[in-house]
Amino acid sequence: FHDTCRYAIVRIEAVKSPIRLGYYYFKRGQFRRMLGDERLGERWLFHGTSSATIQMIAHQGFLRQFMTESKTGKGVCFSSDATTARERAEADRLGMRRIFLCRALVGHYHKGYQGCILPDPKPGQQYKVHESVVDNVFKPKFFVLFQDDQAYPEYCITFRDVVVEVSGDDDAKRSGGGDGGDEEDEASRKERADGKETETTGDGREEENKKNHDIGAGDAVEDLEDSSGRAATATSHGNGDSAASSGGHGAEAAKEEES
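In this note's numbering, the protein residues as written are 35 to 293.
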């Protein structure tokens, strides 16, 4: 997310819809038989929409009823970067926006155009059309899909329009405005000056999991839960170390009293 969109993540929720996921796997099996693994074109893509539509997609999946118009075509629109998806994500009354991180089957594609409601036939195959259309066939960033369950909403990301500065080592500090933001920046500078390392949060690990995740049945949902478990374990160990350190100071004090 932060590779392509510098806004503050509020929360990440895993979408659990076994029926829709089953339909997606069925569609993926069809694509695999037609295209083979190398041309399957399964990707992680973002989809931005209104808050009212979020719940409908989470329960019903990506159906043709959610088609929208774009310069690339009229279908269900996706993008490889979160910034483009944000433009289609309407903010609610609290200023929160929501986008889906989705598994999508793009297959064979060609350059789309405004008003396109069905991809063109493949070369030499009059009745077999491409699986999707894109903005640029050499370096596509915007995809339009036309078939039901051609994508599955894996995660829902809620974020605010507060710019986040992400450094090279994936540490983040917020430049949010107000006294609170100034105090946070000052604390961050002091921490770096003391040579301390900032620990990556659970959300940061989850973002890294998404970028490196090898798509498989149900693995993504487990990654989100595992990252929370690891964070809890790390916290527990940290408290244990503090208690041990405190016990050590108590023993030294007892020795001084005896002497």
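Even glycine gets a Cβ: it sits at the ideal position worked out from N, Cα and C.
Could you pull the start and end residues of the beta strand (DSSP E) that I43 belongs to? Y41 to A48
If I measure Cβ to Cβ from N246 and keep anything under 8 Å in the same chain, skipping five residues before and after, which residues do I get? Unreliable positioning characterises N246 in this predicted model, as indicated by a pLDDT of 39, which lies under 50. The coordinate reading is nonetheless provided below. Closer than 8 Å at the Cβ level, and outside the excluded window around N246, lies no residue.
When you compare the region 132-147 with the region 169-187, are there three or more beta-carbon pairs, one atom per stretch, that lie closer than 8 Å? yes
Give the single residue among K61, Y41 and L79 whose Cα lies nearest to the Cα of P174. L79
I need the straight-line Cα distance from V44 to S166, nearest angstrom please. 32 Å
Under 8 Å between C-beta atoms of R137 and Y57: no
Helix or strand or just coil, what does DSSP make of Y59? helix
Do E47 and C150 have their beta-carbon atoms positioned less than 8 Å apart in this structure? no
Assign R16 to buried or exposed, taking buried as 16 or more other Cβ atoms, counted over all protein chains shown, within 10 Å of its Cβ. Any property of residue 16 remains undetermined from this structure, which presents the chain solely from 35 to 293.
Would you report the Cα separation of T232 and D195, rounded to the nearest angstrom? Low local confidence applies: a pLDDT of 35 at T232 is under 50, so the model's placement there is unreliable, and no value is given.
Give a yes or no on whether the C-beta atoms belonging to G82 and R122 are separated by under 8 Å. yes
What are the start and end residues of the beta strand (DSSP E) that includes Q159? Q159 to V163
From Q181 to L97, what distance separates their C-alpha atoms? 7 Å
Can the beta-carbon of L135 be found closer than 8 Å to that of E188? yes
Work out the CA separation of S104 and K162 for me, nearest whole Å. 23 Å
Give a yes or no on whether the C-beta atoms belonging to A92 and S51 are separated by under 8 Å. yes
Following the continuous beta strand (DSSP E) through H93, name the residue where it begins and the one where it ends. Per DSSP, H93 belongs to no beta strand (DSSP E); it is in the alpha helix (DSSP H), S85 to Q94.
Roughly how many angstroms separate the alpha carbons of T192 and P155, rounded to a whole number? 38 Å
Limits of the unbroken beta strand (DSSP E) element including A138: M130 to L139
With respect to 7 Å, is the separation between the Cβ of Q160 and the closest non-hydrogen atom of the ligand NAD below this value? Looking at this structure, you won't find the ligand NAD or any other ligand, since it has none at all.
Taking 8 Å as the cut-off, decide whether the C-beta atoms of V49 and T106 are in contact. no
Can you tell me the Cα-Cα spacing of L55 and G129, whole angstroms? 30 Å
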